[in-house]
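In what follows, a structure is listed as structure tokens, so that the remarks can point back to it.
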Amino acid sequence: MSKHIAILPGDGIGPEIIAQAVRVLDKLIAEGLDADYQYAPLGGAAYDEYGHPYPEFTQNICRQVDAILLGAVGGPQYDKLERPLRPERGLLAIRKDLNLFGNLRPAILYPELANASTLKPEVVSGLNILIVRELTGDIYFGEPRGIHTLPNGEREGINTMRYSESEIRRIGKIAFEAAQKRNKKLCSVDKANVLETTELWREIITDISRDYPDVSVTHMYVDNAAMQLVKAPKQFDVIVTGNIFGDILSDQASMLSGSIGMLPSASLNEIGKGMYEPSHGSAPDIAGQNLANPLATILSLAMLLRYSLYNEHAAQRIEQAVGKVLAQGLRTSDIFEEGCQRVSCSQMGDAVLAAL
Ligand SMILES: NC(=O)C1=CN([C@@H]2O[C@H](COP(=O)(O)OP(=O)(O)OC[C@H]3O[C@@H](n4cnc5c(N)ncnc54)[C@H](O)[C@@H]3O)[C@@H](O)[C@H]2O)C=CC1
Ligand SMILES: CC(C)CC(=O)C(=O)O
Ligand SMILES: [Mg+2]
Numbered sequence: 018m019s020k021h022i023a024i025l026p027g028d029g030i031g032p033e034i035i036a037q038a039v040r041v042l043d044k045l046i047a048e049g050l051d052a053d054y055q056y057a058p059l060g061g062a063a064y065d066e067y068g069h070p071y072p073e074f075t076q077n078i079c080r081q082v083d084a085i086l087l088g089a090v091g092g093p094q095y096d097k098l099e100r101p102l103r104p105e106r107g108l109l110a111i112r113k114d115l116n117l118f119g120n121l122r123p124a125i126l127y128p129e130l131a132n133a134s135t136l137k138p139e140v141v142s143g144l145n146i147l148i149v150r151e152l153t154g155d156i157y158f159g160e161p162r163g164i165h166t167l168p169n170g171e172r173e174g175i176n177t178m179r180y181s182e183s184e185i186r187r188i189g190k191i192a193f194e195a196a197q198k199r200n201k202k203l204c205s206v207d208k209a210n211v212l213e214t215t216e217l218w219r220e221i222i223t224d225i226s227r228d229y230p231d232v233s234v235t236h237m238y239v240d241n242a243a244m245q246l247v248k249a250p251k252q253f254d255v256i257v258t259g260n261i262f263g264d265i266l267s268d269q270a271s272m273l274s275g276s277i278g279m280l281p282s283a284s285l286n287e288i289g290k291g292m293y294e295p296s297h298g299s300a301p302d303i304a305g306q307n308l309a310n311p312l313a314t315i316l317s318l319a320m321l322l323r324y325s326l327y328n329e330h331a332a333q334r335i336e337q338a339v340g341k342v343l344a345q346g347l348r349t350s351d352i353f354e355e356g357c358q359r360v361s362c363s364q365m366g367d368a369v370l371a372a373l
């Protein structure tokens with residue numbers, strides 16, 4: 018049965034990087050992949066067209082399809098809008114609406130990029146970490162929130178960090194199962210020395226660990242985890258953490274793999290429906306210049322094929338094609354080094370297509 022995909026280009030570099038991933042998808046469809054796709058706006062693009070960052074038009078499409086491929090949202094022109102209308106709220110809304118609580122962010126260093134990392138090659142060579150980030154809870158969603166005026170006339174900003182036991186259990190399960198398929202090491206990252214929310218997090222992860230005796234579990238405070246990721250990143254196999262800590266640590270981990278332009282992601286619900294997007298944002302500083310690295314988006318398409326279309330063969334073909342173009346010495350500016358050939362976003366797309 019044909020699979021349906023929604024393509025949400027979004028804002029900034031979103032349309033440029035998505036265009037390259039869609040060329041790859043087109044080629045797979047032309048060669049027999051049983052899938053079709055349609056476009057819908059999200060974020061600032063949706064606000065411009067429909068007055069809302071996650072309009073009904075997009076909701077109706079995204080609720081029906083099997084998988085979604087997203088570019089990125091946001092841009093300075095939207096930063097003065099009231100919060101509920103901002104692009105980033107559209108992104109949070111679609112994640113919540115589709116219950117995409119399980120965010121997988123693999124930080125893998127392609128051997129050819131060992132020198133692109135800002136860390137010494139011996140610190141990062143062979144790096145292969147999976148960050149499992151909870152995506153629909155925590156301080157990004159907790160109520161109350163807002164900016165209020167206190168009785169003394171001073172303003173106060175409020176956000177609320179919250180996690181229920183069931184939310185922790187379901188992300189914990191995903192992380193333990195992922196660790197079982199890898200090197201069976203799970204590090205749960207929290208701030209249980211200070212925050213009750215994460216005291217509960219640690220208690221529940223410890224409780225679940227009894228169901229996975231083959232996985233060795235450690236717990237680490239987030240400040241130490243940030244330091245250890247730079248000091249000795251290869252000590253980690255799978256990291257599980259909440260929404261805000263995972264957001265920050267995954268950007269940090271991206272630099273271990275050379276560039277944030279290399280880090281794909283999958284956001285899954287309980288029935289395998291997923292939204293796939295690069296871990297980076299809309300990069301307004303380079304938007305419209307054909308400079309962005311499209312590989313994180315192309316690798317996100319590979320994850321879509323693996324986790325929502327159950328087509329491991331096509332996923333591996335894409336990942337191998339990315340390996341090949343890096344081995345050929347082609348580099349967008351973010352991963353460029355002496356002796357390599359600097360290419361644009363669309364030229365990188367050309368090369369991946371040719372290598373497929
Ligand atoms: N998932 C999403 O849609 C996300 C959206 N955002 C939004 O994106 C906008 C910009 O946010 P920033 O904090 O600047 O983060 P960003 O990730 O967009 O950019 C950070 C830096 O990385 C570079 N960069 C990012 N992706 C790249 C790529 N594919 N190739 C080459 N260089 C790349 C940018 O040029 C910039 O220098 C904001 O409006 C923010 O809210 C931020 C993070 C995630
Ligand atoms: C709107 C933000 C939570 C997006 C982001 O930074 C991310 O998902 O990594
Ligand atoms: Mg982020």
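Per this note's numbering: the sequence shown ends with 373, consecutive numbering throughout.
Just so you know, even glycine gets a beta-carbon here, dropped at the ideal spot from N, CA and C.
Element boundaries [beta strand (DSSP E), containing residue i]
i    : result
R172 : 172-175
S284 : 283-285
R122 : 119-125
I85  : 84-89
Y293 : 291-293
E99  : Premise fails: E99 is in no beta strand (DSSP E) and is neither H nor E.
I34  : Unbroken run through I34 is the alpha helix (DSSP H), 31-47; no beta strand (DSSP E).
I146 : 145-151
Classification of residue i by the beta-carbon crowding that lies within 10 angstroms, buried from 16 upward
i    : result
P58  : buried
Y127 : buried
E66  : exposed
H165 : exposed
N77  : exposed
V211 : exposed
A62  : buried
I148 : buried
P281 : buried
R227 : exposed
K198 : exposed
S181 : exposed
G27  : buried
M272 : buried
N120 : buried
K290 : buried
N260 : buried
P70  : buried
E151 : buried
Beta-ladder partner(s) of residue i, from DSSP
i    : result
C204 : T235, I256
T75  : Answer is none; T75 lacks a bridge partner.
Q55  : A23
R348 : R359
G163 : I175
Beta-carbon contacts of residue i that lie in its chain and below 6 Å, excluding the five residues immediately before and after
i    : result
L12  : Residue 12 lies beyond the range of the chain shown here (18 to 373); nothing can be said about it.
H236 : S205, R219
L326 : K20
D351 : S276, G278, N310
E73  : none
N176 : I156, R162
E33  : A309, C362
Span of the alpha helix (DSSP H) around residue i
i    : result
P26  : No alpha helix (DSSP H) contains P26, which is instead part of the beta strand (DSSP E) from 20-27.
Q333 : 329-344
T223 : 213-226
R112 : 104-114
G189 : 182-197
V360 : Element bounds for V360: n/a, residue is neither H nor E.
E66  : 61-67
I315 : 312-324
P138 : 138-141
Contacts around residue i, its chain only, beta-carbon distance under 7 Å, and the 5 residues preceding and following it disregarded
i    : result
A372 : A338, K341, V342
F262 : V206, V239
I315 : Q37, A38, V41, I335, V339, V369
A131 : P138, V141, S142
E329 : R323
K251 : G143, L144
R186 : I221, I225
A379 : Outside the displayed range of the chain (18 to 373) lies residue 379, so it cannot be described from this structure.
A124 : L144, I146, I148, A270, S271, L273, S274, L280
Beta-carbon proximity list for residue i, same chain, < 8 Å, skipping 5 on both sides
i    : result
R344 : Strictly speaking, residue 344 in this sequence is Ala, with Arg absent from that position. Cβ neighbours of A344 beyond the five flanking positions: E129.
M365 : Q37, N310, P311, L312, V342, L347, T349
D51  : M18, S19, K20
K208 : T215, Y238, V239, D240, F262
K113 : T153, F158
D96  : R103
S455 : With the chain running from 18 to 373 in the structure shown, residue 455 is simply not present.
V232 : F193, A196, Q197, K201, K202, L203, S226
heavy atom of ligand 4 below 7 Å from residue i C-beta
i    : result
D268 : This structure lacks ligand 4; its bound ligands are ligand 1, ligand 2 and ligand 3.
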